[in-house]
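Residues in the sequence shown are numbered consecutively from 2, following this note's numbering.
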Amino acid sequence: MAFIKDSANRTPIVDNVFAIVEKAKKAEAEFGKDAVVNATIGSLYGEDGTLVAMDVVYDTLKGIDNKKLAAYAASFVGNPAFIKDVSGWVLNGHSRLCEEIIATPGGTGAVGMSIENTLEPGQTLIIPEIAWGSYALMAQMNNLEVARYNLFRDGKFDVESLKETCRKVMEKQDKLTLIINDPCHNPTGYSLSDEEWKEVISFLNECSKTHPVILINDIAYIDFSYRKKQARDYMENFNDISDDVVVCIAFSISKSMTSYGLRCGAVIILAQKEEAVHEMKVVLEKQARAIWSNINNGAMEMFSQIMENKADEYEKEKDYYVDLLKQRTDLFVKEAKEAGLSHYPYKEGFFVTLDMDNEKAAKLHQALMDENIFTVKVNKGIRVALCSLPLDKVRGLARKIKDVELKTFA
């Protein structure tokens with residue numbers, strides 16, 4: 002007797018990140034924090050080893066009237082001020098396209114609804130082969146297949162693999178939906194150059210001559226780019242999309258505001274034609290109403306108050322942590338080079354990922370845990386979360402990992 006619909010995927014979820022986090026916590030309890038390197042946590046931590054909760058964010062949130070915090074949002078698509086402020090903050094004057102914005106529960110909600118409403122069950126979603134694991138899970142939950150493009154070739158974004166993957170998918174279905182997680186790719190820390198983005202957009206325009214194209218640009222970590230506001234400059238290339246390309250930008254206030262648990266974000270729909278944007282908005286707003294009904298009113302109000310009254314204060318505080326993150330990653334990358342520890346091309350962001358096949362990664366991952374160095378195994382590599390490691394834990398870490406590698410594969 003089945004209580005679940007026949008089409009539901011019944012494979013149990015395995016979240017390796019949370020499982021390894023628990024192992025790291027047990028090791029800290031047993032051996033002490035000083036004896037353990039916990040490079041598993043994908044949130045920003047300060048040098049004191051505690052979660053960063055930016056003062057400007059939480060002082061603003063706590064200053065909001067309780068009744069406003071308790072109230073429903075003005076609309077299930079988001080408060081008008083919030084929608085205006087997301088547009089101004091994210092696009093920063095770079096877009097000349099038609100646009101619509103819908104508030105979502107974090108960037109996850111934005112990515113998820115864009116996937117679910119653009120592909121039919123049985124069709125194929127295109128994602129990077131090294132990627133946040135939830136992309137594939139979202140596809141699985143919507144009965145979609147997944148095609149993965151190679152992320153790197155010769156130290157750069159593998160545009161040719163993306164093209165080849167898209168062409169193969171186009172042979173069997175009438176539409177393309179693809180995800181590019183940029184800038185500050187999770188988990189490698191790569192960011193596409195302006196030239197790489199130009200080539201991507203030119204290719205998608207070619208594809209759109211025969212197939213409608215939906216590009217999901219996941220920008221979860223954009224506000225921790227080392228280029229700061231200039232990290233948005235690549236969006237100028239979106240102005241060159243053809244009439245048959247739609248861009249869905251997935252923005253995470255949860256990340257940008259160090260407010261992970263408040264679950265607030267937005268999907269920004271961009272297209273040349275108003276009708277294309279309107280069609281997407283109608284479907285997405287109905288799903289918003291049906292699935293979550295309303296987004297955290299306090300989180301939206303907090304974001305708007307900061308954008309309208311405290312943007313300079315926010316940027317000053319945020320940039321302190323961006324600079325701290327850069328110190329950590331510069332140190333790790335420098336010492337990795339000195340130690341001969343191979344990693345994927347890194348430019349900016351929370352993570353550096355060691356470059357190796359899955360068999361080697363599995364063995365090294367376990368060997369590192371045996372030495373109380375906790376990381377996260379991903380496809381074709383091992384993710385090191387430098388975002389949560391103080392500088393004294395980063396210093397010498399690459400050499401330690403290399404020593405374990407040499408010992409394991411001697």
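Think of the CB as a built atom: it goes at the ideal place given N, C-alpha and C, for glycine as much as any other residue. Quick caveat: nothing in here was measured; it's all calculated off a predicted structure.
Is the separation between the beta-carbon of residue i and that of residue j shorter than 8 Å?
i    : j    : result
K256 : G108 : yes
Y322 : V53  : yes
R329 : L285 : no
T189 : Y345 : yes
N373 : L70  : no
A386 : I42  : yes
I351 : A28  : Contrary to the premise, residue 351 reads as Phe rather than Ile in this sequence. Cβ atoms of F351 and A28: not closer than 8 Å.
A104 : M301 : yes
A251 : V268 : yes
P13  : R264 : no
M142 : N39  : no
D183 : N218 : yes
V395 : L332 : yes
V18  : V377 : yes
A72  : P81  : no
V170 : T119 : no
M114 : E318 : no
G123 : G266 : no
F4   : S305 : no
I296 : Q273 : no
For residue i, which residues in the same chain have their Cβ closer than 7 Å to its Cβ, ignoring the five residues on either side in sequence?
i    : result
Y261 : S44, S255
N151 : E130, D159, S162
D245 : S209, P213, V214
E100 : S88, I269, I270, L271, V278
S294 : F77
M303 : V58, T61, L62, I65
What does a CB cutoff of less than 8 Å around residue i pick up in its chain, not counting 5 residues either side in sequence?
i    : result
R233 : V91, L92, N93, H95, I223
I128 : Y136, A137, A140, V147, A148, R149, Y150, L179, I180
S226 : P184, C185, S192, A232, V323, E349, G350
K24  : M370, F375
K173 : T125
Q288 : M114, E117, N118
Which stretch, first to last residue, makes up the beta strand (DSSP E) that contains residue i?
i    : result
K378 : 377-379
P129 : 125-129
S411 : One detail in the question is off: residue 411 reads as Ala in this sequence, not Ser. Note, A411: premise wrong, no beta strand (DSSP E); not H, not E.
F352 : 352-356
L179 : 177-182
Once you ignore the five residues that flank residue i on each side, which residues in its own chain have a CB closer than 6 Å to its CB?
i    : result
R97  : N240
V405 : A368, L369, E372
N238 : W198, K199, I202
L355 : H344, G382, I383
V37  : A28, E29, N373
M308 : D86, W90
Y235 : D195, W198
Could you spell out the range, first to last residue, of the alpha helix (DSSP H) harbouring residue i?
i    : result
S167 : Residue 167 is actually Cys in this sequence, not Ser. Taken as a continuous stretch (DSSP letters only), the alpha helix (DSSP H) holding C167 covers 160-171.
F333 : 312-340
V385 : Counting along the chain, V385 falls outside any alpha helix (DSSP H), though it belongs to the beta strand (DSSP E) covering 382-386.
C208 : 195-208
F83  : 81-87
Q288 : 275-292
T109 : 107-117
V15  : Premise fails: V15 is in no alpha helix (DSSP H) and is neither H nor E.
D393 : 392-395
K69  : 67-71
Q141 : 135-142
List the DSSP bridge partners of residue i.
i    : result
I269 : I102, I250
I217 : I180, C249
A148 : I127
Y46  : L52
N39  : F375
R154 : K157
H344 : L355
Closer than 8 Å, CB to CB, is residue i near chain C or not?
i   : result
N17 : Among the chains in the structure shown there is no chain C, since it carries only a single protein chain.
Within the present structure, is the beta-carbon of residue i separated from the nearest heavy atom of the ligand MG by less than 7 Å?
i   : result
A30 : Absence of the ligand MG is noted for the structure shown, with no ligands found whatsoever.
Okay, do the segment 333-344 and the segment 386-401 touch, 3+ Cβ pairs below 8 Å being the bar?
yes
Please determine if the segment 380-391 and the segment 352-367 are in contact, where contact requires at least 3 C-beta pairs separated by less than 8 Å.
yes
Whether or not the segment 55-67 and the segment 194-205 are in contact is what I'm after, with contact meaning three or more pairs of Cβ atoms, one per stretch, closer than 8 Å; do they touch?
no
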